[in-house]
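Read through the structure below, which is laid out as C-alpha cells, and then see the notes.
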C-alpha cells in the first residue's frame, strides 16, 4: 500500500512551511508548530486506510474526468492512449530495459499501469492518468523486503504563456516511518526566434536556394535564438528518530539565451542537432533551519548566489551573500554575515554555473529536436524515468558544489584573485544573555590599477621593473567590545596599496596603513607608508575571504548532503 498524496492535496508553489513544521504535517496528524520532542512522524493503520481511500477516490475521479475530456475532444479514448506513447514512449506490452529491468505496461481507457521487475522481485509500480493538457503519475519504489521505501507523485501540465510545469511530492519511508519528504516545482517558459538571414551559408547547408514560390531564407532557417526561463522551488524536510532535524527551502530562477541548430547537418559552424549557450543569468537562494535531537534550533543559514555571464571575453559578475546564526539551547550565541562580488576578466573567468540542459538533464539532440519554442516537448524529452527521477533538477548543482565551483571566497583565500576585481566583507557578532558583547568585521578588495602597463624600456629602468600589478588591494579590520549595549572599545586598521611612479626609475608598489583606537576617554591614531605590497604588511590580508569561505564550506556541504538522496 502506498502513501502518495493525491493531487487535490498538493500544495501550491506559494505555500510556505511553518517554523520547524512539516509542509504535510496535517496529513500525518502532526502539529505545524515549531519542532519539539513531540514532533515525531509515523503513520497509523487508520491513517493508512484513510490515505488509501482518498487515493482510490482521487484516482477514480481523475480517470473518469480525463477519459471524459478525451472522449469529448476526440470522440474516443484512443487520444489518451496515444498521449502515453507520443509523450512518454509507452505502449502496451513487456520490454526489457538496459539495466535488466523488465517493464510491463498496460494502458486502458487512458489509464496507465506499469510494473517493473528485477528478476522476480517487484521494484516499482506506476499508475498514471491524463489530466487536462498534462498527466499525473504515482509511483511506489520497493526495497528488497518488498516494503515501500519511496513514494513519488508527479504532475505535468502545460500552461498558457508558453510555460510547462512539473510538480512533485516525494516521501522516503523506513517501514511505516517517514524519514524525509520533498515538494518541488519546476516551470519552463520558452520563446524562440529564427536566426536572421544566413545568406549563402544557409543555402549551402540546405542544398537548395529559396525560389520565388518557396519560403525566404529566414523562414526555412534551421537555426533559432532561444530564450528560456527556468524557475524551480523545493521544500525539503529531514527526520531522525521521528524528529525534524533539517528544514531546507530552495529557490532558483535562471534565464538562458541559446543558439540552436535544429537540422541534422552543420549550419554556420554549428553542428547538427546542437545548441550553444550565449548568455545566462542564474539566481539561487537557499534557507536552512537545523535542529538538535530534542527539537531545539541549532543553526539557520541563508545563502544567495547570483551570476550573470556570457560567451563574451569579459564582463561576467558573481555576487554572493551568506548569513549564519548559531544557537545554544535555543538562545542566539553567534551571528555571522557577509557578501562577495567578483568580476570576470579576459584572463580569469568565473566558475561555471549549470546550463539549461544540465538543470533539465536533457541531451543536446533531444533539446534541438523539440519544436522551436516547444517547452512541453523539451520536458517530454525526459521520458517516464525523468518524470519520476527525484534528483534530476538538483544533480548538476550538486556536482558543481562537489567541484568547488560555488565557494569563491575559499579560492581567493587560498590562491588570491589574480587580476580579478573583487570585494569581500565578513562580520561576526558574539552574544551573551541575549546581548551583543563583541563584534569583528573584516573586509578586503582589489580594484583595477589605472596605471597598469606591460614591460617596456625606459631610461633608468629595466625591461621588467616597469611591470605594475593589474589590481590594487585594500583591507580593513575592526574589533569592537560592548557593554550594556554600548561600544566600550574599538580598534580599526586599514591598509591600501598604491603605485609611486618614477619617470627616471622603476615604479614602486607601496602600502599606506592607518590604525585607530577609541575607548571611553581616549582616541589614538597613526599612519605609516611602507615599501612593498599589502601582503607583506598585513598578516590577515585574506581574513575576510577565509572566514566567509569556512562558513560557506559548511553551508554548501549541508546543501550537498540534503540534495543527495535520489533513490
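In the numbering used here, the protein residues as written are 296 to 862.
Using N, Cα and C, we set each Cβ at its ideal position, and we do this for glycine too.
Quick one: give me the first and last residue of the beta strand (DSSP E) that residue i is part of.
i           : result
residue 928 : Residue numbering for the chain in the displayed model covers 296 to 862; residue 928 lies beyond these limits and cannot be assessed.
residue 433 : 429-437
residue 672 : Element bounds for residue 672: not the beta strand (DSSP E) but the alpha helix (DSSP H), 670-675.
residue 741 : 730-743
residue 763 : No beta strand (DSSP E) holds residue 763; DSSP gives it neither H nor E.
residue 401 : 397-403
residue 448 : 443-454
residue 821 : 818-826
residue 643 : Careful: residue 643 lies outside any beta strand (DSSP E) and carries neither H nor E.
residue 529 : 518-535
residue 553 : 538-556
residue 574 : 569-586
Should residue i be labelled buried (16 or more other beta-carbon atoms within 10 Å of its own) or exposed?
i           : result
residue 863 : This structure gives no information on residue 863, because the portion of the chain shown stretches from 296 to 862.
residue 564 : exposed
residue 633 : buried
residue 539 : buried
residue 380 : exposed
residue 415 : exposed
residue 746 : exposed
residue 483 : buried
residue 529 : buried
residue 549 : buried
residue 624 : exposed
residue 622 : buried
residue 449 : buried
residue 346 : Bear in mind that a pLDDT of 39 at residue 346, under 50, signals an unreliable position, so the number given afterwards is only what the model happens to contain. Under this definition residue 346 is a buried residue.
residue 608 : exposed
residue 819 : exposed
residue 606 : exposed
residue 542 : buried
residue 588 : exposed
residue 405 : buried
residue 586 : buried
residue 390 : exposed
What residues in its chain sit with their C-beta under 6 Å from that of residue i, if we drop five residues either side in the sequence?
i           : result
residue 858 : 689, 693
residue 740 : 718, 769
residue 465 : 447, 477, 685
residue 407 : 379, 423
residue 656 : 687
residue 822 : 809
residue 814 : 784
residue 412 : 397
residue 430 : 423, 451
residue 558 : 517, 567
residue 438 : 444
residue 435 : 297, 420, 443, 446
Report all residues from its chain with a CB closer than 7 Å to the CB of residue i; omit the five preceding and five following residues, and keep chain order.
i           : result
residue 600 : 579, 615, 701
residue 854 : 581, 696
residue 852 : none
residue 331 : At residue 331 the pLDDT is 39, less than 50, meaning the model places this residue with poor confidence and gives no usable figure here.
residue 534 : 336, 473, 474, 475, 540
residue 387 : 400, 401, 402
residue 488 : 519, 520
Within a Cβ cutoff of 8 Å, which residues of the same chain sit near residue i, ignoring the five residues on either side of it in sequence?
i           : result
residue 733 : 724, 725, 774, 775, 776, 777
residue 554 : 490, 518, 519, 520, 521, 565, 570, 571, 573
residue 658 : 652, 676
residue 647 : 695, 700
residue 355 : Confidence in residue 355 is poor, its pLDDT being 36 and thus under 50, which makes the residue's placement unreliable; the coordinate value appears in the next sentence. Answer for residue 355: no residue qualifies.
residue 835 : 737, 770, 772
residue 805 : 792, 793, 794, 795, 824, 825, 826, 827
How close, in whole Å, do the beta carbons of residue i and residue j come, if the pair is a contact with beta carbons under 8 Å?
i           : j           : result
residue 620 : residue 595 : 5 Å
residue 844 : residue 704 : 4 Å
residue 452 : residue 428 : 6 Å
residue 602 : residue 645 : 6 Å
residue 864 : residue 728 : With the chain covering only 296 through 862, there is no way to say anything about residue 864.
residue 714 : residue 765 : 4 Å
residue 840 : residue 670 : The pair is not a contact, with the Cβ atoms about 40 Å apart (cut-off 8 Å).
residue 782 : residue 772 : Not really, about 16 Å apart at Cβ, beyond 8 Å.
residue 604 : residue 642 : That belief does not hold up - the Cβ atoms of residue 604 and residue 642 are roughly 15 Å apart, past 8 Å.
residue 707 : residue 837 : 7 Å
Could you tell me the boundaries of the alpha helix (DSSP H) in which residue i lies?
i           : result
residue 693 : 690-697
residue 678 : 678-683
residue 653 : 651-655
residue 713 : First-last for residue 713: undefined, no H or E at that position.
residue 856 : 838-857
residue 661 : 659-664
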